[in-house]
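In my numbering, the protein residues as written are -1 to 188. From the three backbone atoms N, C-alpha and C, an ideal C-beta is built for every residue, glycine too.
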Amino acid sequence: MSRAIELANQAWRVRASAIGRKLTQSEEHKSARQVLTLLEQAAQTGEDDSDHYGRAYALSKLAQIRGYIEGNAIAIELLKEAIDCAKKASSALLEGEALRRWADYLRHDGKLSEAEPLYWEALHCLQADEATTALSIGNAYRPIAILYEELGDKTKATTYWRQSRTYYQKADIQAGIDECDAHLKKLQAS
């Protein structure tokens, strides 16, 4: 495992340990700074070591944190860089995950027509990589279903909630199955 990935994983462990606990505001800020510092070090290490895969991995995670703190525009810029690094590393998996996150930011900003092609490109990248898990495919279909629900296309939304459910079932992710079932029930009732 590369040093960039080790640092990014360390940052994610710090983040995960903070999420499940009640922290004071001071502790929360300290934890956030630690996560941010580790991810920035990971991205820089990836660049210094010409580790395109590690840099893409770190930038994708850094985009999530900096996007939360500084807004969607910075997250999108980091994700674009992550996509470039993923392409250099020939990792369709990392490329697809970064594309999906980029599309999520656009969708959250109400830019549905811009998000749609990115979601499809993300799904195709993920399907092309042997390392992609059923969970990743389920996670790729999920926002597509949400997008079509937001666009008012019940037929497509239903189709993609079913697809997402199928992959969550293969991955044995009950929370994903339950979410899909809830949306399918709501769509059927409307």
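With a beta-carbon spacing of about 7 Å, L92 and S58 fall inside the 8 Å limit used to define contacts. Taking all protein chains shown into account, D46 has fewer than 16 neighbouring C-beta atoms within 10 Å of its C-beta and is therefore exposed.
The Cβ neighbour count for P115, taken over all protein chains shown within 10 Å, is under 16; the residue is labelled exposed. If you compare the alpha carbons of A129, G69, I135 with that of A169, the shortest gap goes to I135. A distance below 7 Å between beta-carbons, with the five flanking residues on each side excluded, links V33 to the following residues of its chain, in chain order: A9, V12, R13, I63. Here the C-alpha atom of S111 lies approximately 19 Å from the C-alpha atom of E75. The straight-line gap separating the alpha-carbon atoms of S29 and G18 is approximately 12 Å. At the C-beta level, N70 and H122 stay beyond 8 Å of one another. In the three-state DSSP reduction, S162 falls in the helix class (H, G or I). Residue environment for E79: buried (at least 16 other C-beta atoms within 10 angstroms of its C-beta). At the C-beta level, A41 and R53 come within 8 Å of one another. If you draw a straight line from the Cα of I171 to the Cα of L133, it is about 8 Å long.
Within its own chain, the residues whose Cβ lies closer than 7 Å to the Cβ of A120, once the five positions on either side in sequence are excluded, are G94, L97, R98, A101, A138, listed in chain order.
In the three-state reduction of the DSSP assignment, L21 falls in the coil class, being assigned neither a helical nor a strand state.
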